[in-house]
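Visitor:
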Amino acid sequence: MSLRLQLIWLTTLVLLISLLLGGLLTYGYARSKVRAEMHAAMAVGQRMARNAIADAGLKPDPNRELRQLVADFDGDRHLHVFWLDDAGRRLASSELAPTPESVPDWLYRLLAGQPNIVRLSMPPSLQDKGTIELATDPRNEIGEAWEDVRLILAILGIFCGLALSLIFVAIGYALRPLHRLSAAFTKVGSGDYTERVAESGPLELSRLCQGFNRMLDRLSGMEARNLKLQEQLAAVQDEERADLARDLHDEVGPFLFAVGVDATMIKRFAENGRREEIVARSEAIREATEHMQKHIKAMLGRLRAGVLLDVGLDQAVENLVMFWRARQPDIAFSIHLPKQAIPRPLDEAVYRIIQESLSNAVRHGRPRRVEIKLDHDGDDVRVTICDDGAGFQPAQQKPGFGLSGMEERIKALGGTLSIRVREQGGVVVSARFPEKKTNGETEPEMLSPEFSV
Ligand SMILES: Nc1ncnc2c1ncn2[C@@H]1O[C@H](COP(=O)(O)OP(=O)(O)OP(=O)(O)O)[C@@H](O)[C@H]1O
Ligand SMILES: [Mg+2]
Numbered sequence: 000m001s002l003r004l005q006l007i008w009l010t011t012l013v014l015l016i017s018l019l020l021g022g023l024l025t026y027g028y029a030r031s032k033v034r035a036e037m038h039a040a041m042a043v044g045q046r047m048a049r050n051a052i053a054d055a056g057l058k059p060d061p062n063r064e065l066r067q068l069v070a071d072f073d074g075d076r077h078l079h080v081f082w083l084d085d086a087g088r089r090l091a092s093s094e095l096a097p098t099p100e101s102v103p104d105w106l107y108r109l110l111a112g113q114p115n116i117v118r119l120s121m122p123p124s125l126q127d128k129g130t131i132e133l134a135t136d137p138r139n140e141i142g143e144a145w146e147d148v149r150l151i152l153a154i155l156g157i158f159c160g161l162a163l164s165l166i167f168v169a170i171g172y173a174l175r176p177l178h179r180l181s182a183a184f185t186k187v188g189s190g191d192y193t194e195r196v197a198e199s200g201p202l203e204l205s206r207l208c209q210g211f212n213r214m215l216d217r218l219s220g221m222e223a224r225n226l227k228l229q230e231q232l233a234a235v236q237d238e239e240r241a242d243l244a245r246d247l248h249d250e251v252g253p254f255l256f257a258v259g260v261d262a263t264m265i266k267r268f269a270e271n272g273r274r275e276e277i278v279a280r281s282e283a284i285r286e287a288t289e290h291m292q293k294h295i296k297a298m299l300g301r302l303r304a305g306v307l308l309d310v311g312l313d314q315a316v317e318n319l320v321m322f323w324r325a326r327q328p329d330i331a332f333s334i335h336l337p338k339q340a341i342p343r344p345l346d347e348a349v350y351r352i353i354q355e356s357l358s359n360a361v362r363h364g365r366p367r368r369v370e371i372k373l374d375h376d377g378d379d380v381r382v383t384i385c386d387d388g389a390g391f392q393p394a395q396q397k398p399g400f401g402l403s404g405m406e407e408r409i410k411a412l413g414g415t416l417s418i419r420v421r422e423q424g425g426v427v428v429s430a431r432f433p434e435k436k437t438n439g440e441t442e443p444e445m446l447s448p449e450f451s452v
């Protein structure tokens with residue numbers, strides 16, 4: 000059942016209970032009023048009749064007087080008066096005032112109670128004239144009460160109808176934002192984050208709509224960021240593949256060709272018995288193979304750090320630095336690694352942080368010096384990469400995949416990352432992996448004075 004219908008049902012129930020209680024109270028009031036009226040009418044009627052009977056005893060024609068007594072009660076609303084002979088037959092009876100409305104039987108039975116009948120004795124002079132009987136008849140009083148009840152019921156009916164209609168309209172208006180929210184949620188459920196709801200209606204619901212819109216702003220922002228990250232990831236992967244293809248072409252291809260040429264020449268020298276040239280060519284093949292091995296290892300390391308880390312983190316970092324030294328001979332790289340080994344998977348994370356930081360420094364900063372430092376600080380492992388390049392303005396920093404990927408990797412291991420642009424230029428990237436939760440990030444200590452702040 001809809002909320003609107005539930006509220007209407009509830010209100011109707013409350014109104015019905017109120018009506019029932021009101022009915023019970025009205026019944027009690029009407030019943031006591033009917034009794035009081037009958038009692039009063041009987042008292043007044045008795046006094047009047049006794050006086051008239053006493054007068055009739057003194058008059059020359061008592062029969063006429065007694066008939067007049069009965070006729071005097073014609074039109075009375077509550078009392079029926081009869082003149083009865085000694086055998087109980089009616090000699091005369093008064094006419095009750097007409098009842099205003101036909102009273103329903105059930106109401107009559109509820110309110111009437113026992114009839115009150117009183118027979119008045121005659122004075123000694125009228126002993127043979129029978130008796131005067133007074134009987135109360137509440138029909139008129141009940142008819143009046145019935146009219147009142149009908150009026151009250153009509154007023155209550157109009158009130159309830161109006162109240163229910165107003166509540167129906169007001170609830171419909173108040174719940175309108177909920178309908179909009181539910182439609183918007185359906186759209187969000189199907190992945191459409193462009194929907195927004197009007198922030199109107201009752202305070203609570205308009206706040207709910209505000210919160211919903213803010214949530215959608217964040218969601219659409221995150222979706223856009225995710226999309227961008229995916230695009231960047233795809234671009235990085237393409238770049239990486241192109242890089243590998245270039246390396247294979249430039250570093251491995253010529254050497255393979257050289258090995259082929261050397262092998263052909265060895266065959267020719269062997270046929271001619273030129274032993275010295277054979278030794279020289281063999282040595283050239285060995286050098287070429289060594290060169291290719293080195294490059295293939297470096298390429299494997301870029302594809303999967305674990306392979307390179309099999310030779311140890313220090314050697315892997317050394318190879319990484321060699322890779323950049325070969326391409327950027329003007330940059331002075333220095334490495335400070337502890338003798339103590341770093342356990343898996345921390346060493347892979349450290350390697351990746353160094354790899355990305357070196358790549359960023361060379362690509363974006365064009366530094367003269369780059370320092371890599373890894374140390375233990377209590378139970379924590381701390382890795383710091385500093386460069387003296389151009390640095391960057393945080394406001395103008397382009398969101399890339401490298402730094403966010405680095406942060407995610409560090410967070411996954413329960414570590415923290417700090418990236419600081421130095422005043423004199425350059426960037427300090429520092430990550431620490433605490434075994435216990437640390438209270439704050441301490442500034443990394445640099446080895447060389449030119450990197451201190
Ligand atoms: N050492 C640095 N020197 C100068 N600028 C830097 C340095 N490190 C990061 N930045 C700035 O921060 C930005 C974000 O770096 P991030 O590594 O996230 O992305 P990217 O290097 O541009 O792209 P990606 O790493 O995804 O290939 C860079 O574009 C650059 O502007
Ligand atoms: Mg990068």
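Numbering (numbering that gives the first Met the number 0), first residue to last: 0 to 452.
Built from N, CA and C at the ideal position, the CB exists for glycine as well.
State the Cα-Cα distance for the pair residue 451 and residue 214, rounded to the nearest angstrom.
Guide: The predicted model places residue 451 with a pLDDT of 44, which falls under 50 and marks its position as unreliable, so this point remains unresolved.
Visitor: Run the proximity test for residue 359: is its beta-carbon closer than 6 Å to any non-hydrogen atom belonging to ligand 2?
Guide: yes
Visitor: By the DSSP assignment, the beta strand (DSSP E) with residue 14 in it spans what residues?
Guide: First-last for residue 14: 2-55, but that is the alpha helix (DSSP H), not the beta strand (DSSP E).
Visitor: Check the DSSP bridge columns for residue 159 and list the partner residues they point to.
Guide: Answer by DSSP bridge pairing: none, since residue 159 is not bridged.
Visitor: Measuring CA to CA, which of 312, 427, 257, 337 is closest to residue 376?
Guide: 337
Visitor: Leaving out five residues before and five after residue 283 in sequence, what residues of the same chain have Cβ atoms less than 8 Å from its Cβ?
Guide: Excluding sequence positions up to five before and after residue 283, its CB lies within less than 8 Å of the CB of 257, 261, all in the same chain and listed in chain order.
Visitor: So is residue 79 buried or exposed if we call it buried at 16+ other beta carbons inside 10 Å?
Guide: buried
Visitor: Roughly how many whole angstroms lie between the Cα atoms of residue 11 and residue 186?
Guide: 36 Å
Visitor: For residue 81, report the span of its beta strand (DSSP E) as first-last.
Guide: First-last of the beta strand (DSSP E) with residue 81: 78-83.
Visitor: Check whether the Cβ atoms of residue 291 and residue 254 lie closer than 7 Å to each other.
Guide: yes
Visitor: Go to residue 375, then tell me how far its beta strand (DSSP E) extends in each direction, as first and last residue.
Guide: 368-376
Visitor: In chain order, what are the residue ranges of uninterrupted beta strand (DSSP E) at least 3 long that sit wholly in the region 92-170?
Guide: With a minimum length of 3 residues, the unbroken runs of beta strand (DSSP E) contained wholly in the region 92-170 fall at 116-119, 130-135.
Visitor: Return the chain-ordered ranges of every alpha helix (DSSP H) run that is complete within the region 238-320 and spans a minimum of 4 residues.
Guide: 252-271, 274-302, 304-308
Visitor: Take the Cβ of residue 443 as the centre, count every other Cβ of all protein chains shown within 10 Å, and call the residue buried at 16 or more, exposed below.
Guide: Bear in mind that a pLDDT of 46 at residue 443, under 50, signals an unreliable position, so the number given afterwards is only what the model happens to contain. Buried, by the Cβ-count rule.
Visitor: Check whether the Cβ atoms of residue 460 and residue 144 sit closer than 7 Å, and answer yes or no.
Guide: Since the first residue of the chain shown is 0 and the last is 452, residue 460 is not available in this structure.
Visitor: Go ahead and label residue 0 buried or exposed: buried means 16 or more other beta carbons lie within 10 angstroms of its beta carbon, across all protein chains shown.
Guide: exposed
Visitor: Expressed to the nearest angstrom, what Euclidean distance is found between the alpha-carbon atoms of residue 136 and residue 114?
Guide: 7 Å
Visitor: Rounding to the nearest angstrom, what Cα-Cα distance links residue 433 and residue 189 in this structure?
Guide: Distance between the alpha carbons of residue 433 and residue 189: 41 Å.
Visitor: How big is the Cα-Cα spacing for residue 19 and residue 99?
Guide: If you take the alpha carbons of residue 19 and residue 99, they lie about 26 Å apart.
Visitor: State yes or no: is the C-beta of residue 397 nearer than 6 Å to some heavy atom of ligand 1?
Guide: yes
Visitor: Can you list, in chain order, the residues of its chain whose CB lies under 8 Å from that of residue 14, leaving out five sequence neighbours each side?
Guide: 159, 162, 163
Visitor: Could you tell me the alpha carbon to alpha carbon distance between residue 453 and residue 128, rounded to whole angstroms?
Guide: The structure shown does not extend to residue 453, since the chain is modelled only from 0 to 452, so the question has no answer here.
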